[in-house]
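Student: Residue numbers (full-length UniProt numbering), protein chains in the order written: chain A, 1 to 218; chain B, 1 to 204; chain C, 1 to 243. The beta-carbon is built from N, C-alpha and C at its ideal position, and this holds for glycine as well. Remember, predicted model here, so these are calculated numbers, not experimental data.
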Amino acid sequence: MIALLSRDLKLAVRAGGGFGLGLAFFLIVTVLIPFGVGPETELLSRIAPGVLWIGALLACLLSLDRIFALDWEDGSLDLLATAPLPLEAIVTIKAAAHWLTTGLPLVLAAPALGVLLSLPQGAYLWVLVSLALGTPALSVIGTFGAALTVGLKRGGLLLSLLVLPLYVPTLIFGAELARRGAAGLEVEAPLLMLAGISFGTLALLPFASAAVLRINLR
Amino acid sequence: MDLTLADVTVARGGVPVLEGVSFSLAPGRALVLRGPNGSGKTTLLRTVAGLQPELSGTIEGAGERVAYAAHADGLKAMLSVGENLRFWARVFGLSEIGAALAAFDLERLEDRLAGNLSAGQKRRLGLARLMVTGRPLWVLDEPTVSLDAASVALFADAVRAHLGQGGSALMATHIDLGIPEAGIFDVTSLRARPRAAVQDEAFL
Amino acid sequence: MASIWEYANPVKFIRTTDRLLPWISVAAVACLAVGLVWGFFFTPEDYRQGSTVKIIYLHVPAALMAINAWLMMLVASLVWIVRRHHVSALAARAAAPVGAVMTLIALATGAIWGQPMWGTWWAWDPRLTSFLILFLFYLGYMALWEAIENDDTAADLTAILCLVGSVFALLSRYAVLFWNQGLHQGASLSMDAEENVADVFWYPLLVCMAGFILLFVALVFLRTQTEIRARRMRALIAREGAY
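1) Name the chain A residues whose beta carbon is nearer than 7 Å to that of residue 52 of chain B?
2) Could you name the residues that DSSP lists as bridge partners for residue 4 of chain B?
3) Between A:13, A:61, A:95, A:72, which has its C-alpha nearest residue 214 of chain A's C-alpha?
4) Which residue marks the beginning of the beta strand (DSSP E) containing residue 66 of chain B, and which one marks its end?
5) Note the first and the last residue of the continuous beta strand (DSSP E) segment covering residue 140 of chain B.
6) In its own chain, which residues sit with a C-beta less than 7 Å from the C-beta of residue 35 of chain C, not counting the 5 before and 5 after it?
7) Figure out for me which residue from A:172, A:154, A:206, A:208 has the closest Cα to the Cα of residue 133 of chain C.
8) Please tell me whether residue 80 of chain C and residue 159 of chain C are closer than 7 Å, where the distance is taken between their beta carbons.
9) So what's residue 22 of chain C in DSSP terms, helix, strand or just coil?
10) Which residue from A:14, A:161, A:193 puts its Cα closest to that of residue 178 of chain A?
11) Starting from the C-beta of residue 128 of chain A, find all residues in its chain whose C-beta is less than 8 Å away, skip the five residues before and the five after it, and write them out in chain order.
12) Under 6 Å from any heavy atom of the ligand HEM, does the C-beta of residue 69 of chain A make it?
13) Compare the C-beta of residue 164 of chain C with all C-beta atoms of chain A and state if any pair is closer than 7 Å.
14) Chain A partners of residue 93 of chain B, CB-CB under 9 Å?
15) Within 7 Å (strictly less), CB to CB, does residue 63 of chain A reach chain B?
16) To the nearest angstrom, report how far apart residue 156 of chain B and residue 105 of chain B are at their CA atoms.
17) Measure the C-alpha to C-alpha separation of residue 190 of chain A and residue 160 of chain A and round it to an integer number of angstroms.
18) Residue 179 of chain C: which of A:168, A:182, A:184 sits nearest, CA to CA?
19) Restricting to Cα atoms, I'd like to know which of B:185, B:17, B:70, B:186 is closest to residue 38 of chain B.
20) Exposed or buried, residue 135 of chain A, counting other C-beta atoms within 10 Å across all chains shown (16 or more means buried)?
21) For residue 46 of chain B, collect the residues of the same chain with a Cβ closer than 6 Å to its Cβ; drop the 5 residues on either side in sequence, then sort them by chain order.
22) Taking buried to mean at least 16 other C-beta atoms within 10 Å of its own C-beta, is residue 192 of chain C buried or exposed?
23) Any C-beta of chain B sitting closer than 7 Å to the C-beta of residue 59 of chain C?
24) Is the segment 89-97 of chain A in contact with the segment 31-44 of chain A, if contact means three or more CB pairs nearer than 8 Å?
25) Using a 10 Å radius around the Cβ and a threshold of 16 neighbouring Cβ atoms, would you call residue 22 of chain A buried or exposed?
26) Counting beta carbon pairs with one atom in the segment 91-110 of chain B and one in the segment 166-182 of chain B, are three or more of them shorter than 8 Å?
27) DSSP puts residue 182 of chain B in a beta bridge; with which residues?
28) Name the chain B residues that come within less than 7 Å of residue 14 of chain A, Cβ to Cβ?
29) Shortest alpha-carbon distance to residue 31 of chain A belongs to which of A:82, A:113, A:104, A:10?
30) Looking only at its chain, what residues have a beta carbon closer than 6 Å to the beta carbon of residue 89 of chain C, apart from the 5 residues adjacent to it on each side?
31) Use the C-beta contact count for residue 216 of chain C: other C-beta atoms within 10 angstroms, 16 or more gives buried, fewer gives exposed.
32) What's the call for residue 1 of chain C, buried or exposed, on a 16-neighbour Cβ count within 10 Å?
33) Looking at the secondary structure, which residues open and close the beta strand (DSSP E) in which residue 119 of chain A lies?
34) Considering only DSSP beta bridges, list what residue 12 of chain B is partnered with.
35) So, under 8 Å CB-CB, residue 218 of chain C and residue 21 of chain C are touching, yes? Tell me the CB distance rounded to an integer number of Å.
36) Figure out for me which residue from A:158, A:142, A:105, A:52 has the closest Cα to the Cα of residue 174 of chain A.
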C-alpha cells in the first residue's frame, strides 16, 4: 500500500502536472476575483473565505481525471486489480495521493492567497482549519467520480457534471465554517458537520468507488 | 495446485466468444493457446486472471496465484526501470529485483527512465515484472510482441526456469518457444455459436 | 401465484402496459383538465396573494413529482442491483428526463410566482436551491447514461450513482437549510392540510396532483416501452449480424 502511495507521489512530483497546475489555477482564480468584483477591501475581505473555498474546490476538480486515467491507459489498473491489494484499498490510496498532491498544497497556499483578498486577521486560522478538514472529502468524492468515468474518452466534462452536485454539502459546510469562524460566531455545528462528511465519505465511499471501478474494468 | 477450467464460457461485451473450455494445467507445465485473431484468447486469459467474470463453468486454482501480463505493460515513463520493477515487487510483498533484471538483460538499463526504452526493452521490462510477483501461475497475452530473436530466447529461458521451480504458464502466442513442457490448446473448435449478447436475451 | 416480478419480463411488461396505457393517459388528461380549470377559474383569489396563488396548481404537483421521480429511480436502481431485471434499469433511465422536466417546471413556476410575491425571480431560498441541486443530479445521471455504450455497464454505474447521489442530495438538503433559513413558506400540504390551505384550494389541488402522478406514470410507461423496443431492435440486429 505504501508502495502505491509513494509511487503516485513520485509520479506527481516528476510529471509536474497535478501538483503545480492545481496551485497555479488556485492562484489565478484568486487573482481574477478582485478584477471581477472590484478592489474594495471591505467587500473582498467579506467574500474572501468563500472565494478561497471555491478556488480550492475548482483546483481540486481540475486534477480529478488524472487519478485513474493514466493508470488505465498504460494497463497499470488491470495489473493492480490482479494484485493482492483489494480495490477498496487501491481507491483509498489513490484518493490519499490526490489529496497529498493537490488538496494539501491548496490548504497551505490558502493563507498566502488570503493576503491578496484582505482576509480578516481572525479568519486565517478558520480558513486553514476548514480547508484542512474539507479537502479530504473533496478528494474522496472526486475519486468516486473519476472511477465512474474511467473508461470514457473525453470524460472530463462529464466528471465535473457528476462531481459538482456531490461537492455541494462539503462546500456549504466548509465555507460556512470559515465564514463563521472569521466573524467570531459559534462554529461547532458546521465544524461537526464538515468533520462528519469528511470521515463519513472516507469510511464509506471507497466501497462505492471500488464497485464502480470493478464494473468499469470487466 | 493445478489450474482447472471446467466447461467455462467467456464473453466479450456480453457476447459469448468461447464455450465449453475445459483443461487442466499442472505445476511445471505450460499451455499455449492457439486460435485465429478475435477467437477469444484474450478474453479467456482475462477471465482466468479474474479481471472479468466467467459466464458459466468453474475456474479453480487461479485467483491469487495469477501473475498477469497483457499488451499494455503498466510501466510509468517517468520512473526508472528499477523503480518500476521495485514498485511491482513491493505491491506483491517482495523486494528483490536483481534476478528479474538479470533474466531479461536489463541490468545496464536499471537507472534509465522507462519512457526512454525501446519497444522491445519495454516489453522485456513488462515480462520481468512477472518474476517479481512471486506468483506461480503466469497468464500471458502475446508475450513476445516486439521482442527480437535474442529476447525471445531470454523469455523462453525465464519461462523454463519458472516451470523448473514448480510454476506454470498459460499463454497465447503464435511463435514456437521451444519449451518441451508446453502443451498446445487450440480454441478454434470452441468458438461460441454466434448469438446475441447475454444481457439482450430477455429482449428477444 | 403470479409474482410481481413477472412484469419484469420485457415482453410481459410491454403487453401489460399497452393495455393500461390508454386508460392512464385518458385519466391523466381528464384529471389535469378538471383540476386546472377548476383551480384557475372556479376558486376565489387569495386575500393576500391575489390571483398569483393559482400557480400552485402547477407548481406544487410538479415539485411533488420532481422528488418522487427521483425516489422511483432510487427504488428501480435498487431492484436492478439486487435482482438484475432489465426493465427496472430501463424504467429508471426512462424516468430521469421526466423528473428533470418536472424539476424545471417547479423551478420556473416558482420563479414566476416569486416575482410578484417576493419581488424577485430568484432567491437563494433553501427550497429553491434544493430543487436546483436536484436538477443538477438529474443532469449528471442522464449524462452518465448517455456516455456509456455498454447497456449493462451503464445500468450498473448509473444505479450506483443514483444511490450515492441520493445520500448526497439528502445531505445537500440539510446543508442548504443550515445555510439559509429562507423566504419560502413551509410545507403547506400535509395530511392536516386544512389548517394551511382552505378546502376551496385544496380539492382542485388534489385533482391536479393526481393528474401529475398519472401523467408521470403514463410517460414512464411509454418511455420504458421505447427503451425496451430500442434494446430489442439492437439485440435483433446483433443476432442477424452474428449469423
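Tutor: Reading from the atomic positions:
1) 218
2) B:24, B:60
3) A:72
4) 66-69
5) 137-141
6) 57, 204, 207, 208, 211
7) A:172
8) yes
9) helix
10) A:193
11) 107, 110, 111
12) Looking at this structure, you won't find the ligand HEM or any other ligand, since it has none at all.
13) yes
14) 84
15) no
16) 13 Å
17) 25 Å
18) A:168
19) B:17
20) buried
21) 52
22) In this predicted model, residue 192 of chain C has a pLDDT of only 41, less than 50, meaning its place in the structure is not dependable; the value taken from the coordinates is given anyway. The residue in question, residue 192 of chain C, is exposed, as its Cβ has fewer than 16 Cβ neighbours within 10 Å.
23) no
24) no
25) buried
26) no
27) B:30
28) 78
29) A:113
30) 80, 155
31) buried
32) Only weak support is given to the placement of residue 1 of chain C: the predicted model assigns it a pLDDT of 44, under 50, and the value that follows is read from those uncertain coordinates. Exposed, since its Cβ has fewer than 16 Cβ neighbours within 10 Å.
33) Note, residue 119 of chain A: premise wrong, no beta strand (DSSP E); not H, not E.
34) B:15
35) 6 Å
36) A:52
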